[in-house]
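J.: In this note's numbering, the protein residues as written are 263 to 466.
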Amino acid sequence: MYALAINGSPRKGGNTRTLLKHVLEPLEKAGWETEYVQVGGKHIRGCIACGKCFENKDLKCTQKKDMFNEVMEKMVRADALILGSPTYFTDVSADMKAVLDRSGLVALANNRAFSGKIGAAVVAVRRGGGTHVFDTINHMFLMSQMIVPGSIYWNIGFGLEEGAVLKDEEALANMRNLGETIAWLGKAIEPHRKTFPVCHESFG
Ligand SMILES: Cc1cc2nc3c(=O)[nH]c(=O)nc-3n(C[C@H](O)[C@H](O)[C@H](O)COP(=O)(O)O)c2cc1C
């Protein structure tokens with residue numbers, strides 16, 4: 263089983279990273295292969311609505327000048343996607359929004375490539391707007407026939423400066439629980455993945 267964590271923050275040692283690493287830890291303990299990728303600060307372009315992904319059906323976006331397709335390949339292979347973002351004016355970072363839009367559309371264009379995968383949203387926030395970020399990420403998951411597990415509270419950690427979230431013990435416990443829940447859920451659904459009711463009709 264393979265879990266991919268994607269960080270939409272441009273900060274290399276920031277709070278989103280800390281939270282994501284706390285989710286990955288129990289998954290590694292449970293024997294999962296894990297990978298952590300940072301897209302924040304990498305200038306991921308937004309979707310240009312060219313619709314070419316519906317014509318080409320090659321699990322790729324036609325825009326090739328950034329790292330998106332490299333990330334998309336990993337997303338398609340993953341059993342669990344854990345997408346993390348800092349809160350920027352009550353929403354995801356621009357790089358995370360670009361990943362959500364392009365990956366969501368490419369997956370939809372390719373026989374709903376994310377269907378049956380586990381998805382979890384993780385958010386770093388200083389004070390307000392974290393639940394909106396949480397919603398933005400979950401919207402893509404829930405329109406993609408993905409399975410979204412909960413944890414002991416919202417998957418949100420508080421802090422402003424890099425490392426500040428380490429003081430938010432409840433958030434760290436939440437992240438560890440989220441990782442354990444994903445590990446449990448992944449194991450439980452694995453034998454049934456082939457019978458997942460993927461919708462083959464296209465309404466997009
Ligand atoms: C452009 C920008 C906008 C922000 N907007 C908000 C906000 O609306 N609400 C909030 O509580 N924090 C806001 N913050 C603070 C960050 O969400 C917070 O510092 C977070 O921990 C950063 O995560 P990171 O260390 O992973 O980058 C903002 C920070 C930046 C740079």
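We put the CB at the ideal spot given by N, CA and C, even for glycine. Just so it is clear, the structure is predicted and the values come from calculations on it, not from any experiment.
Between F396 and ligand 1, is the CB less than 7 angstroms from at least one heavy atom?
T.: No, the Cβ of F396 stays beyond 7 angstroms of every heavy atom of ligand 1.
J.: How is the alpha helix (DSSP H) around T352 delimited, first residue to last?
T.: Element bounds for T352: n/a, residue is neither H nor E.
J.: According to DSSP, which residues form a beta bridge with I344?
T.: Looking at the DSSP assignment, I344 forms a beta bridge with A267, A382.
J.: Less than 8 angstroms between the C-beta atoms of S365 and Q407, yes or no?
T.: Not a contact, by the Cβ cut-off of 8 angstroms.
J.: Return yes when the C-beta of S406 is under 7 angstroms from any heavy atom of ligand 1, and no when it is not.
T.: It does not: the Cβ of S406 is nowhere closer than 7 angstroms to a heavy atom of ligand 1.
J.: For T296, which three-state DSSP category applies?
T.: If DSSP states are grouped into helix, strand and coil, T296 belongs with the strands.
J.: Determine the burial state of I310: buried for a count of at least 16 other Cβ atoms within 10 Å of its Cβ, exposed for fewer.
T.: Result: exposed.
J.: Determine, using beta carbons only, whether E295 and Y264 come nearer to each other than 8 angstroms.
T.: Taking 8 angstroms as the Cβ cut-off, E295 and Y264 qualify as a contacting pair.
J.: Within 10 Å of its beta-carbon, does D430 have 16 or more other beta-carbons around it, so buried, or fewer, so exposed?
T.: Buried, since its Cβ has 16 or more Cβ neighbours within 10 Å.
J.: Between Y350 and ligand 1, is the CB less than 7 angstroms from at least one heavy atom?
T.: Checking the Cβ of Y350 against ligand 1 gives yes.
J.: Is the segment 415-422 touching the segment 356-375 in the sense that three or more CB pairs, one from each, lie closer than 8 angstroms?
T.: The segment 356-375, when compared against the segment 415-422, does not touch it at the 8 angstroms Cβ threshold.
J.: Thinking just about the alpha-carbon of each residue, which of K336, I344, C461 is nearest to the one in L252?
T.: Residue 252 falls outside the range modelled here, since the chain spans only 263 to 466, and no answer is possible.
J.: Assign T404 to one of two classes, buried (16 or more other C-beta atoms within 10 Å of its C-beta) or exposed (fewer than that).
T.: Here residue 404 turns out to be Leu, not Thr, going by the sequence shown. Looking at its Cβ environment, which holds fewer than 16 other Cβ atoms inside 10 Å, L404 is exposed.
J.: Check each candidate in H305, L370, R388 and name the one with the smallest Cα separation from K326.
T.: Cα-wise, what sits closest to K326 is H305.
J.: Using only alpha-carbon positions, find the residue among V387, E424, K319 that is nearest to G276.
T.: The shortest Cα separation from G276 among V387, E424, K319 belongs to E424.
J.: Would DSSP call G303 helix, strand or coil?
T.: Three-state result, G303: coil.
J.: Is the beta carbon of D357 sitting closer than 8 angstroms to the one on G421?
T.: No, these two residues do not count as a Cβ contact at 8 angstroms.
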